[in-house]
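Accompanying notes for the structure given below.
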Amino acid sequence: MQDRSLKSKSVADLPSSSSQLRIKFSSIIMFRFVVIAACAFAVANCGVAKRRVIVSDNDVSAGGHYETLSIGDGGHGGFGGGGGKGFSAGSGLKTIAQGSAEQANNAVVNQHAAARQAAFAAKSNLAQAALGAAATAQAALIGKQILVQKLERDVNEAHQQVQAEVQQLEQAQRAAAAAQAAAQLAQQQINAISAALNAAQGTATHAQQAAEESHAELGSQQAMVGAAKQRLSSLTQQLAAAEADLHATQAAAQQAQSAAHIAQSNAANAAESASSAGLEAAHGGLGGGIGGGLGDHGFSSEGLGAYHH
206 MQDRSLKSKS VADLPSSSSQ LRIKFSSIIM FRFVVIAACA FAVANCGVAK RRVIVSDNDV
266 SAGGHYETLS IGDGGHGGFG GGGGKGFSAG SGLKTIAQGS AEQANNAVVN QHAAARQAAF
326 AAKSNLAQAA LGAAATAQAA LIGKQILVQK LERDVNEAHQ QVQAEVQQLE QAQRAAAAAQ
386 AAAQLAQQQI NAISAALNAA QGTATHAQQA AEESHAELGS QQAMVGAAKQ RLSSLTQQLA
446 AAEADLHATQ AAAQQAQSAA HIAQSNAANA AESASSAGLE AAHGGLGGGI GGGLGDHGFS
506 SEGLGAYHH
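Pasting the structure below:
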């Protein structure tokens, strides 16, 4: 919304810029007219015959100087007494004319630059307005596309619903036709059914009795199945407990066997040690045998005071 307001404001400023350009253009035209008039006046003065004014001798003796003034095409006038300075009316107008022409040219250049700037501003504003309009059109297009897509989806859904309703209608028609045929067949069979009604009632009575018996049998069978399931659950729990006891018993037996093996090994080692000690005692005496026996169990041969870990 701000972009649109700025664009409208810029477009609204175009008339004021155009009026300013018209004012500048009128000023330039007036300035050119003044310059042309000044140039015409200078040309007219250049066409006058050269005149020379000489002051009389009395005036010279009284004033102590003389003056001469020359006016002509490209002429130079001088006056004496004082500084002897020169003055040219033609060169002054020429300078004015040249300055005026330069100003006029500058004004024209500025006019073109201002026109280009105004055209650029107008084109830029119009381009911005066009971009805004394009963005608005694009947004409208997107909205329309979304609306069309939604309508297409709705149409597809409605088409599918129509097809489903048509299928249901066809099914209902087929069902109605089948029902009509069944009604006709039933109407044709009414007499036969009426004749067989008594027999059918008897059969129904027997069937009801059989159904009751079957229901009772079903209840009994369900009870038996429940009992079998309970027995299976109990046996399963007993089996799990027995397996756990078996694993514990196996572990204890293995531990006992390991302990027995260790005990047998220790006994064999002790017997071997005792046998060795008896042989040494027989050959080396009692002291040496005791020392040797104790040395085998961590004591030195020098006695009990030299125990080694």
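According to this note's numbering, the stretch in the sequence shown is residues 206 to 514, in order.
From the three backbone atoms N, C-alpha and C, an ideal C-beta is built for every residue, glycine too.
Since this is a predicted model, take the numbers as computed values, not measurements.
Between residue i and the ligand FAD, is the CB less than 7 Å from at least one heavy atom?
| i | result |
| --- | --- |
| residue 364 | With respect to the ligand FAD, the structure shown offers nothing to examine, as it has no ligands at all. |
- Entirely enclosed beta strand (DSSP E) segments - the segment 398-476, minimum 3 residues: none
- Length at least 4, wholly inside the segment 312-370: the alpha helix (DSSP H) runs in chain order: none
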